[in-house]
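Here the structure is laid out as structure tokens; the discussion comes afterwards.
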Amino acid sequence: EWNHVFLLIGAVLMAWILSKSDLYTLSKSKKGWLLLLFFIPFLLHFGSNVYWLRIGIHYAVFWILGIYFLMEEMPIKSKMRFWLGVSFMSLLLVLNGIWWHPFQQKGLWNATEPWDYLPGKTILLFPSQLEVLQNLVKETENEDQLLAVYRISGIPYLLGKTIPKNPGIWDREQLSKFFPTGYNQNRMVYYPIDSLPDNFTANPIVLYSFE
12 EWNHVFLLIG AVLMAWILSK SDLYTLSKSK KGWLLLLFFI PFLLHFGSNV YWLRIGIHYA
72 VFWILGIYFL MEEMPIKSKM RFWLGVSFMS LLLVLNGIWW HPFQQKGLWN ATEPWDYLPG
132 KTILLFPSQL EVLQNLVKET ENEDQLLAVY RISGIPYLLG KTIPKNPGIW DREQLSKFFP
192 TGYNQNRMVY YPIDSLPDNF TANPIVLYSF E
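Residue numbers for the sequence shown, in my numbering: 12 to 222.
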């Protein structure tokens, strides 16, 4: 992921500026703030099950502030170059992360087909996604609720339906918790990243991909 590169550039830049700085001249208060800014990204990540580099870019603002803090005694030209560099990198990150390589999706410029999913609500989707939804509409048109497992709670939402029991089902353990006696009332959509419990006798609509 490209955001790793930007994050590592920030770490290298901070280390380089630290090597050029005379930390002994900093007051205890400034040293304390510098340490706090350095460790805040790690503290914010505490408890997450996502590896640090993936979401660390969201906390990079604290390192940026720390770098600027270290540049306090540097010439104004150096500060201007730094902020221009940060602005340019931020623009690249936004273009890459939202438009070019959105998380686990194709580039958004490929989403050209409008889909009406609620009254007055329209979203642009990929042609392949539109085809999947049109087929699901035909197979579930008589149902107000649609059980969708696993991790595909957006599918019923795009079909104007709700998921019974819980807004989303993450894995088999959670599915068994909400449906301990099984499920055989209506159709269900199944994304096979985990197996279904044995007492689920309904014939699922298997969704292998939604890209």
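Each residue gets a CB set at the ideal place from its N, CA and C atoms; glycine is no exception.
Check, Outcome
"Taking 8 Å as the threshold, find out whether the stretch 84-99 comes into contact with the stretch 41-48 through three or more Cβ pairs.", "no"
"Nearest to G21 by CA position, among G67, S59, F57, is which residue?", "G67"
"Relative to the alpha-carbon of S89, which residue among N197, I134, L24 has its alpha-carbon at the smallest distance?", "L24"
"Would you report the Cα separation of V160 and W27, rounded to the nearest angstrom?", "49 Å"
"Taking 7 Å as the threshold (C-beta atoms), are G171 and L135 in contact?", "no"
"With 7 Å as the threshold, decide whether the Cβ of I66 is near any Cβ in chain C.", "The structure shown contains no chain C, having only a single protein chain."
"Give the single residue among I180, Y194, G193, G165 whose Cα lies nearest to the Cα of F221.", "G165"
"At the level of alpha carbons, what is the spacing between K39 and F80?", "14 Å"
"Using 8 Å as the threshold, is the stretch 190-197 in touch with the stretch 140-147, meaning 3 or more CB pairs across them?", "no"
"Can you round the beta-carbon distance between I216 and L147 to whole angstroms, since I take them to be within the 8 Å contact cut?", "7 Å"
"For the beta strand (DSSP E) holding W126, just list the boundary residues, first then last.", "124-129"
"Would you list, in sequence order, the uninterrupted beta strand (DSSP E) runs of no fewer than 3 residues that lie entirely inside the stretch 106-192?", "124-129, 132-136, 158-160"
"Specify the secondary structure class of Y35 as computed by DSSP and reduced to three states.", "helix"
"Do P178 and Q156 count as a contact pair if the criterion is CB distance below 7 Å?", "no"
"What is the residue span of the alpha helix (DSSP H) that Y79 lies within?", "71-81"
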